[in-house]
Amino acid sequence: MAKPRTPPHGGSPEPTPQSGGGGSGGDPPKRRTTASDAGDDPESVRAAEARLARIRPSNPTKDKNTVVLPGTDVAADLADISAGRGNWNAETNRYEVNGRSYGVESTGTVFPVSGPGFVNLSRPEYKVLKQLIGADGDLDAAQAALRRDPSISAADWRSALEVFKHHKSYRGGA
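When we follow my numbering, the leftmost residue of the sequence shown carries the number 9, and every step to the right adds one.
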């Protein structure tokens, strides 16, 4: 196996091509949001943050869904990780920065996991949230659209509504 390279920011060694980073050993993976080893690329960090901040009815619903609440400075977290200021936890294959935890896919894509400003939703809760957003806050329309979905409970509606209260199309009263 090749010797790990030391990154320019002076943090822990970057993964070698053989290790893949983050998946098979204790090496932190390279993040995909930097343009080069010369430093942070603000455009790609902003793009990554924008992808996390928008939810659309067409978004895929997964078993576990993490929603980023408004005001959570994901861009600063990603910049800190890129600059080597995030703590890499080899046991969990996650970065920890500013009280938040970020996982890393094998491709190097960083995704939010837990911490202040992140809300984890189940598949049914996320379905409800997407429907509320798609109905532009019309609670009756969202309920009518999901009325026959047996996977959705009253508890799912409560959880989704708590998150939806932070969305721009929330009208109050729900």
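Quick reminder that beta carbons are idealized off the backbone N, C-alpha and C, glycines included.
State the Cα-Cα distance for the pair residue i and residue j, rounded to the nearest angstrom.
| i | j | result |
| --- | --- | --- |
| K138 | P124 | 22 Å |
| V171 | E99 | 30 Å |
| A149 | N128 | 24 Å |
| L154 | L169 | 14 Å |
| P78 | P158 | 31 Å |
| M9 | E133 | For M9, the predicted model reports a pLDDT of 44, less than 50, meaning its position is unreliable; a value from the coordinates is still stated below. Between M9 and E133, the C-alpha separation is close to 45 Å. |
| S167 | Y110 | 22 Å |
| P15 | V112 | Since pLDDT at P15 reaches only 45, below the 50 mark, its modelled position is unreliable, and the value read off the structure follows with that caveat. Distance between the alpha carbons of P15 and V112 is about 18 Å. |
| Q151 | S122 | 29 Å |
| I63 | K173 | 14 Å |
Looking only at its own chain, which residues have a Cβ that is under 8 Å from the Cβ of residue i, when we skip the five neighbours before and after it?
| i | result |
| --- | --- |
| P65 | K138, Q139, I141 and G142 |
| R105 | As written in the sequence, residue 105 is Val, which differs from the Arg given in the question. For V105, where only same-chain residues beyond five positions count, the Cβ hits under 8 Å are D85, D88, I89, R93, G94 and N95. |
Going along the chain, which residues of its own chain have a beta-carbon closer than 7 Å to the beta-carbon of residue i, five neighbours each way excluded?
| i | result |
| --- | --- |
| R71 | Checking the displayed sequence, the identity of residue 71 turns out to be Asp instead of Arg. Cβ within range, chain order: R131. |
| H175 | I141 |
Verify whether the separation of the beta carbon atoms of residue i and residue j is less than 8 Å.
| i | j | result |
| --- | --- | --- |
| T74 | P120 | yes |
Within 10 angstroms of its Cβ, does residue i collect 16 or more other Cβ (buried), or is it exposed?
| i | result |
| --- | --- |
| D164 | buried |
| R156 | exposed |
| D85 | buried |
| S177 | exposed |
| S114 | exposed |
| R108 | buried |
| A162 | exposed |
Please return the same chain residues whose Cβ sits closer than 6 Å to the Cβ of residue i, not counting the five positions on each side in sequence.
| i | result |
| --- | --- |
| T80 | G125 |
| R179 | G145 |
| K135 | T69 |
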